[in-house]
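Accompanying notes for the structure given below.
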Amino acid sequence: MVRILNYINGELIPAVSGEWLDNYNPAEGRVYSQIPDSNEKDIEEAVTSAKKAFPSWSTMPMSERSDILLKIAEGIDREFEALAKAESDDNGKPLKLAKTIDIPRASANMRFFATAILHFESQAHQTDQLAVNYTTRTPLGVVGCISPWNLPLYLFTWKIAPALAAGCTVVAKPSELTPMTAYLFSKICKEAGLPAGVLNIVHGLGSKAGQAIIEHPEIVGISFTGGTTTGKRIAATAAPMFKKLSLELGGKNPNIIFADCDFEQAVSTSIYSSFSNQGEICLCGSRILVERSVYDRFVEEFIKRTKKLSVGDPADEETRVGALVSEEHMNKVLSYIELAKAEGGKVMSGGERVVVRGRCEMGYFVAPTIILGLNQQCRTNQEEIFGPVVTIMPFDTEEEVIEFANSTAFGLSATIWTENLKKAHRVSHQLKSGIIWVNCWLLRDLRTPFGGMKQSGVGREGGWEALRFFTEQKNICIKL
Ligand code: TXE
């Protein structure tokens, strides 16, 4: 059985404790590898090596840093097949999805920040004839990057690429549920000539290894993506230590269908935005709000197409919905379906675990589920389920749908379907979400800021925002 290793000070090593944790393939429901059960001692070693590497990495000419990051991107491209398979084996997602989204976007993250840093600039201000001010931006220091299990290598690189490009050295922890791509990535970094200690990848539990990163006094910034509850805990620990914090948390995103939409586009993309990655994307539209005059037509078509989605072996080219990430998560999703029924919801499709014949017989599959008949305030419509479960509700007016859309504690993303440009602008401006897609979903330009409002997070990632996050500013004022 493969034993995944930590990557500390340029070496691939086991945890100090010598203990291991099982890593499951959720489509097969069996252990297929093990990860180091790291604790604060491993984090201490990682911080020591990151501190040692900081002076030379942070002062290395930007073009040289950029070259190394581009070599890492080339390594991702070279290992494309192995990484896609690892992403699917760890997470349960269709292999095809890993090949079209996760791995290409991981490579794009590295390339984007490798080249963005070459164009990063600071500002100068002249105060009348009195003084000139110029602002410098210097790398923050040793930072912690903690990523979740839903888009493992994509979100891992989304954090570490800007940190490394900005000149920080990093202690990173991937999710214990999906560690394999980060392990393969550490080998790619070694081959690309990343100096020892610049990136340290420590595997293990959030409550142990993750918590030790948050608490470490010499880690001065934390970039985290994961659940809102974990985000609260991280903020409670890190804020009193005055660490710089970026938190990307959950969502309960509205998908708004106006009657004047391009109906075919709205239905087909809504299938994608509801059930991609088994609904385990924080940006999935889990509350579909449909204008009453097209409600029946939409519901009928949406159910018909959902029933055609093939749930099955992630390795199969035809599979559209793979396994959920773990047995525990599958049980959580199933319990929400029970809750929806108790709250008066009508399950129109799916609603249960699916047994897939063959090697996936023990896997954690749930059929894409559509629920009607719930009100906005019920828990099913307020809490993040993070699975292949959507609710559909009718609305009558623009004011009403805006109120519905903004009615949860989250504010990550929203989608609007309309051919009326004025309406698209008007509604977009009133939605409390960090990103609004009009007539599309999941289109990302890496230069744009990314992040949530309300309980969906604090701070913005992407583009210059990410490079700004990983640097600190100083203003120098010179009297003329
Ligand atoms: O996330 P966690 P989980 C949401 C989704 C999901 C829920 C829980 O609703 O059901 O979060 O998922 C590390 N100190 N999202 O349990 O626990 C952990 O090891 C430091 C939304 O996986 O937040 C992992 O590396 N680190 C999200 C990372 O935090 C800690 C994507 C995320 O784990 C820690 C995934 C601690 N005390 C889940 N506890 C999105 N918005 O994309 C855990 N971790």
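Using the numbering used here, the first residue of the sequence shown is number 90, and each one after it goes up by one.
Beta carbons: idealized from backbone N, C-alpha and C, even for Gly.
Please read these numbers as outputs of a predicted model, since none were measured by experiment.
Separation of residue j from residue i, as counted between CA atoms
| i | j | result |
| --- | --- | --- |
| Arg-394 | Ser-357 | 8 angstroms |
| Arg-226 | Arg-549 | 18 angstroms |
| Thr-469 | Glu-432 | 8 angstroms |
| Ile-370 | Leu-531 | 10 angstroms |
| His-582 | Ala-254 | Residue 582 lies beyond the range of the chain shown here (90 to 569); nothing can be said about it. |
| Pro-538 | Arg-119 | 39 angstroms |
| Ala-195 | Arg-533 | 13 angstroms |
| Tyr-272 | Ala-197 | 19 angstroms |
| Ala-252 | Ala-555 | 8 angstroms |
| Lys-141 | Asp-178 | 35 angstroms |
| Gln-218 | Ser-312 | 41 angstroms |
| Asn-222 | Ile-165 | 42 angstroms |
| Gly-295 | Glu-450 | 29 angstroms |
| Ala-205 | Leu-283 | 18 angstroms |
| Val-445 | Ala-412 | 10 angstroms |
| Leu-266 | Gln-215 | 52 angstroms |
| Val-410 | Gln-300 | 33 angstroms |
| Ala-324 | Ile-474 | 23 angstroms |
| Glu-134 | Ile-97 | 7 angstroms |
| Val-232 | Ser-127 | 18 angstroms |
| Trp-553 | Trp-247 | 13 angstroms |
| Ile-235 | Ile-302 | 9 angstroms |
| Phe-202 | Pro-150 | 15 angstroms |
| Lys-185 | Glu-406 | 6 angstroms |
| Ala-429 | Thr-137 | 49 angstroms |
| Phe-391 | Ser-122 | 39 angstroms |
| Gln-212 | Ile-565 | 11 angstroms |
| Gln-471 | Leu-520 | 16 angstroms |
| Ser-264 | Trp-526 | 28 angstroms |
| Ser-155 | Lys-297 | 33 angstroms |
| Val-490 | Ile-567 | 54 angstroms |
| Gly-476 | Pro-144 | 44 angstroms |
| Trp-306 | Gly-401 | The question names Trp, but residue 306 is Pro in the sequence shown. So the alpha carbons of these two residues sit roughly 46 angstroms apart. |
| Trp-506 | Phe-387 | 12 angstroms |
| Ser-275 | Leu-338 | 26 angstroms |
| Lys-160 | Gly-230 | 23 angstroms |
| Met-542 | Leu-535 | 19 angstroms |
| Ile-93 | Glu-100 | 12 angstroms |
Residue i - DSSP class collapsed to helix/strand/coil
| i | result |
| --- | --- |
| Tyr-243 | helix |
| Arg-442 | strand |
| Trp-146 | helix |
| Glu-168 | coil |
| Ser-122 | strand |
| Glu-307 | coil |
| Glu-337 | strand |
| Trp-530 | coil |
| Thr-189 | helix |
| Thr-137 | helix |
| Tyr-453 | coil |
| Pro-483 | strand |
| Val-478 | strand |
| Glu-389 | helix |
| Met-100 | Residue identity differs from the one stated: residue 100 is Glu in this sequence, not Met. If DSSP states are grouped into helix, strand and coil, Glu-100 belongs with the strands. |
| Val-379 | strand |
| Val-414 | coil |
| Glu-369 | coil |
8 angstroms contact criterion, which residue i and residue j should meet: CB distance rounded
| i | j | result |
| --- | --- | --- |
| Tyr-113 | Ser-517 | 41 angstroms between Cβ atoms; not a contact. |
| Leu-378 | Ile-345 | 5 angstroms |
| Leu-242 | Glu-176 | 6 angstroms |
| Asn-239 | Ser-502 | Wrong, their Cβ atoms sit about 14 angstroms apart, outside the cutoff. |
| Leu-336 | Phe-364 | Not quite, the Cβ-Cβ distance comes to about 26 angstroms (not below 8 angstroms), so this is no contact. |
| Ile-132 | Val-291 | 6 angstroms |
| Gly-315 | Pro-237 | 4 angstroms |
| Thr-408 | Pro-183 | 5 angstroms |
| Leu-288 | Ala-261 | 7 angstroms |
| Met-330 | Ala-250 | Not a contact, Cβ separation roughly 25 angstroms. |
| Thr-480 | Arg-376 | 6 angstroms |
In DSSP terms, what residue i is bridged to
| i | result |
| --- | --- |
| Ala-220 | Thr-216, Lys-568 |
| Trp-109 | Pro-125 |
| Val-91 | Ser-122 |
| Arg-562 | In the sequence as presented, Arg is not what sits at residue 562; that position holds Gln. DSSP lists Arg-226 as partners of Gln-562. |
| Ala-261 | Cys-234, Ile-290 |
| Asn-114 | Arg-119 |
| Lys-435 | Leu-461 |
| Phe-499 | Lys-543 |
| Trp-506 | Ile-346 |
| Ser-312 | Cys-234, Ser-335 |
| Gly-374 | Asn-342 |
| Tyr-272 | None, per the DSSP bridge assignment. |
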